[in-house]
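Presented below is the structure to which this report refers.
Numbering (the numbering used here), first residue to last: 358 to 507.
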C-alpha cells in the first residue's frame, strides 16, 4: 500500500505537469513503468495465495486491469522519448489521451486494491508462515525504484 501512495503521487504529477516539460514527464513515466515489479509481486505471489483459498474474482479483475495499464504506461514513456521526432500537436494529443486514461484507471485500480483486495487478503491468508514465504518470494522478484523503506 505504501507503493500505491507513491504511484498516486506520480499520477498527480502526471496530471499537473505541463506537456512542454518533457524531462519531468519522462521521469514520471519511468516511475510508472518501473512499478512493474509491484504488479509482478501481486500477480505471482499475492494473487495465487488468495486464489488457493477459493477467491478468484477480484484477482482476475486486477490481472485484467494490469494488462490494460501496462501498454498505456509504456506509451507515455515512448512518447516522451520520441517527442523530438514528432509533430508537437500530435504528441500533446496522444499524451493527453494516454495520460487521461492512465490517471483515471490506475487511481480506480489502486482504490480497489486498497479497499477490497488487500483487506480480503489479510482476512483469507491467516498463516504467518505463508506471509513469510510470500515475503521471500517478493524479495526474489524485487521492488520498485521508489519503494519506501518500512
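Virtual Cβ for every residue (Gly too), placed ideally from N, Cα, C.
**OP:** To the nearest angstrom, report how far apart residue 449 and residue 376 are at their CA atoms.
**Re:** 6 Å
Subject >> Same chain, Cβ closer than 6 Å to residue 466, five either side skipped, listed in chain order >> reply: The residues are 422.
**OP:** Whole angstroms is fine: what's the gap from residue 461's alpha carbon to residue 455's?
**Re:** Those two C-alpha atoms are separated by around 10 Å.
Subject >> Cα-Cα separation between residue 476 and residue 501, rounded to whole angstroms >> reply: 22 Å
**OP:** Output yes or no for whether 8 Å exceeds the beta carbon distance between residue 403 and residue 493.
**Re:** Not closer than 8 Å, so no.
**OP:** Output the boundary residues of the alpha helix (DSSP H) element that contains residue 500.
**Re:** Unbroken run through residue 500: none, as it is neither H nor E.
**OP:** Look up residue 483 in the DSSP assignment and say whether it is helix, strand or coil.
**Re:** It is coil, neither helix nor strand.
**OP:** May I have the straight-line CA-CA distance separating residue 444 from residue 427, to the nearest angstrom?
**Re:** 25 Å
Subject >> Own chain, CB closer than 7 Å to residue 412, minus 5 neighbours either side, in chain order >> reply: 477, 481
Subject >> For residue 437, the nearest candidate out of 390, 361, 414, 498 (CA to CA) >> reply: Residue 390 holds the alpha-carbon nearest to the alpha-carbon of residue 437 among 390, 361, 414, 498.
Subject >> Among 485, 416, 484, the one whose alpha carbon lies nearest that of residue 469 >> reply: Checking every option, the nearest Cα to that of residue 469 belongs to 416.
Original post:
With burial defined as no fewer than 16 other Cβ atoms inside 10 Å of the residue's Cβ, what is the status of residue 430: buried or exposed?
Top reply: Buried.
**OP:** Report back the beta-carbon spacing between residue 508 and residue 491 to the nearest angstrom; my notes put them in contact at under 8 Å.
**Re:** Residue coverage of the chain in this structure runs from 358 to 507, which leaves residue 508 outside it and unanswerable.
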